[in-house]
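A.B. asks: This is the structure, below, for whatever I ask next.
Next up, the structure:
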């Protein structure tokens, strides 16, 4: 028995849902697919996705007010009727014909049906010459694609719910932090909660494609939103050493903050934030992306509003 949960924001999920449903039927298990539209601004897309409810075992939760990335995932988990949940992002696409069967085989082999667990399948990117020069594509290829053998060495690090099998009972102990409405660090914080609660996280090679490649401007806006979430966690005293250890950005920042020259570098980065951002936009450089993150973090921690902080995206 499986509940597939997909939060939606301005994205066509017909191809994803169609392939998932075909595999679920082939697996001969009881299932449901629950879609939750987080007040998409594109009304035609909302109506298009609503047509999926004409198919068997597909439900749609249509929100009229945007609640954000964390709360909508909690809502989906609460709405599910089955004890095992498969949570994914709406811009995912199925990579393999045995995607569902592969998860079910793993559950059976590990005998996880009646215990708390999380299984992360990983993500991948298609070869796309048109998007290969974008900052988001380069970031995904260089920093997000990792085989299970590598991920399982530090199972709670770089946690992502992009492609996550999880027992519903976990949500009685761990929840996505609903104060983090926008992109960034809500997943890292959830992973830390899992670790603190002693809930095992397994990793397997069962990737989904990540098809939603942002433009450089969209991606940098999301990066600024993520850093803003990090600062919110800092201001709410939620950044313990465990969290900082799992955040390369916070680790780098604290190292620089310890010395005179490091503080000088951070100050210069903050003052040159617009310049650094423009270079990242034009060059697609991951190095300048990292510098931009540091500049935004330093600016926000010192109460200097970043140019993108008011432009947070879903």
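Numbering (my numbering), first residue to last: 1 to 314.
Even glycine gets a Cβ: it sits at the ideal position worked out from N, Cα and C.
Keep in mind that this is a model prediction, so the values were computed, not measured.
What residue range is occupied by the uninterrupted beta strand (DSSP E) comprising residue 322?
C.D. replies: No answer is possible for residue 322: the residues shown for the chain start at 1 and end at 314.
A.B. asks: Leaving out five residues on either side along the sequence, give the residues of the same chain with a beta carbon under 8 Å from the beta carbon of residue 41.
C.D. replies: Within the chain shown, the letter at position 41 stands for residue 41. Answer for residue 41: 10, listed in chain order.
A.B. asks: If we count Cβ pairs, one from each stretch, closer than 8 Å, do we get three or more for the stretch 254 to 264 versus the stretch 206 to 225?
C.D. replies: Verdict: no, contact absent.
A.B. asks: Threshold first: 3 residues or longer. Then list the beta strand (DSSP E) segments lying entirely within the stretch 199 to 248, N to C.
C.D. replies: Fully enclosed beta strand (DSSP E) runs of 3 or longer: 201 to 203, 208 to 210.
A.B. asks: Going by DSSP, what residue range makes up the alpha helix (DSSP H) through residue 38?
C.D. replies: Taking the chain shown and counting its residues from 1, the one referred to as residue 38 is at position 38. Counting along the chain, residue 38 falls outside any alpha helix (DSSP H), though it belongs to the beta strand (DSSP E) covering 31 to 38.
A.B. asks: Report the partner residues of residue 92 according to the DSSP bridge assignment.
C.D. replies: By one-based count along the chain shown, residue 92 stands at place 92. 210, per the DSSP bridge assignment.
A.B. asks: Starting from the C-beta of residue 18, find all residues in its chain whose C-beta is less than 7 Å away, skip the five residues before and the five after it, and write them out in chain order.
C.D. replies: Along the chain shown, read from residue 1 onward, the residue named residue 18 stands at position 18. Nothing meets the Cβ criterion.
A.B. asks: Residues in the same chain with beta-carbon distance under 6 Å from residue 266, minus the five sequence neighbours each way, listed in chain order, please.
C.D. replies: Residue mapping note: residue 266 aligns to position 266 of the chain shown, counting from 1. 256, 298, listed in sequence order.
A.B. asks: Please give the ranges of any alpha helix (DSSP H) in the stretch 154 to 197, keeping only runs that are unbroken, at least 4 residues long and fully inside the region.
C.D. replies: Listed in chain order, the complete alpha helix (DSSP H) runs (minimum 4 residues) inside the stretch 154 to 197 are 186 to 196.
A.B. asks: With distances taken Cα to Cα, identify the nearest neighbour of residue 174 among 197, 258, 181, 164.
C.D. replies: The residue you call residue 174 lines up with position 174 of the chain shown. With distances taken between Cα atoms, residue 174 lies closest to 197.
A.B. asks: DSSP has residue 59 in a bridge; who is on the other side?
C.D. replies: Position 59 of the chain shown, counting from 1, holds the residue named residue 59. Answer is 34.
A.B. asks: Three Cβ pairs or more, each shorter than 8 Å: is that satisfied between the stretch 148 to 167 and the stretch 111 to 130?
C.D. replies: The answer is yes - the stretch 111 to 130 touches the stretch 148 to 167, with three or more Cβ pairs under 8 Å.
A.B. asks: Have a look at residue 315 and residue 191 and give me their C-alpha separation to the nearest angstrom.
C.D. replies: Only positions 1 to 314 of the chain appear in this structure, which leaves residue 315 out of reach.
A.B. asks: State whether the stretch 2 to 16 contacts the stretch 92 to 99, with contact taken as three or more CB pairs (one from each stretch) at a distance under 8 Å.
C.D. replies: Contact holds: three or more Cβ-Cβ distances are below 8 Å.
A.B. asks: Less than 7 Å separating the beta-carbons of residue 176 and residue 70?
C.D. replies: Taking the first residue of the chain shown as position 1, residue 176 is located at position 176. Taking the first residue of the chain shown as position 1, residue 70 is located at position 70. Against a cut-off of 7 Å, the Cβ pair of residue 70 and residue 176 comes out as a contact.
A.B. asks: Among 295, 294, 290, which has the Cα closest to the Cα of residue 136?
C.D. replies: Residue mapping note: residue 136 aligns to position 136 of the chain shown, counting from 1. Comparing Cα positions, the closest option is 290.
A.B. asks: Assuming contact is defined by CB atoms lying nearer than 7 Å, are residue 79 and residue 34 in contact in what I supplied?
C.D. replies: In the chain shown, the residue the question calls residue 79 occupies position 79. In the chain shown, the residue the question calls residue 34 occupies position 34. Contact flag set, yes.
A.B. asks: Applying the 10 Å Cβ sphere with the 16-neighbour rule, what's the burial state of residue 287?
C.D. replies: Locating residue 287 in the chain shown gives position 287, counting from the first residue. Exposed is the call here.
A.B. asks: Determine the DSSP secondary structure at residue 307, reduced to helix, strand or coil.
C.D. replies: For this step, residue 307 is matched to residue 307 along the chain shown. Any reading at residue 307 must be qualified, since the residue scores a pLDDT of 48, below 50, and its modelled position is unreliable; the value itself is stated next. Three-state result, residue 307: coil.
A.B. asks: Helix, strand or coil for residue 296, going by three-state DSSP, please let me know.
C.D. replies: The sequence position of residue 296 within the chain shown is 296, counting from 1. Residue state, collapsed to three classes: helix.
A.B. asks: Buried or exposed for residue 30, please, with buried defined as at least 16 other CB atoms from any protein chain shown within 10 angstroms of its CB.
C.D. replies: As a first step, residue 30 is located in the chain shown; it is residue number 30 there, counting from the start. Exposed, since its Cβ has fewer than 16 Cβ neighbours within 10 Å.
A.B. asks: Determine the closest residue to residue 73 out of 138, 65, 88, with distance taken between C-alpha atoms.
C.D. replies: Counting from 1 along the chain shown, the entry for residue 73 is found at position 73. Closest by alpha carbon: 88.
A.B. asks: Express the C-alpha separation of residue 113 and residue 126 in angstroms, rounding to a whole number.
C.D. replies: Taking the chain shown and counting its residues from 1, one reaches residue 126 at position 126. Taking the chain shown and counting its residues from 1, one reaches residue 113 at position 113. If you take the alpha carbons of residue 126 and residue 113, they lie about 33 Å apart.
A.B. asks: CB-CB under 7 Å to residue 57, same chain, minus the five flanking residues each way: which ones, in chain order?
C.D. replies: Numbered from its first residue, the chain shown carries residue 57 at position 57. These residues qualify, in order along the chain: 31, 32, 33.
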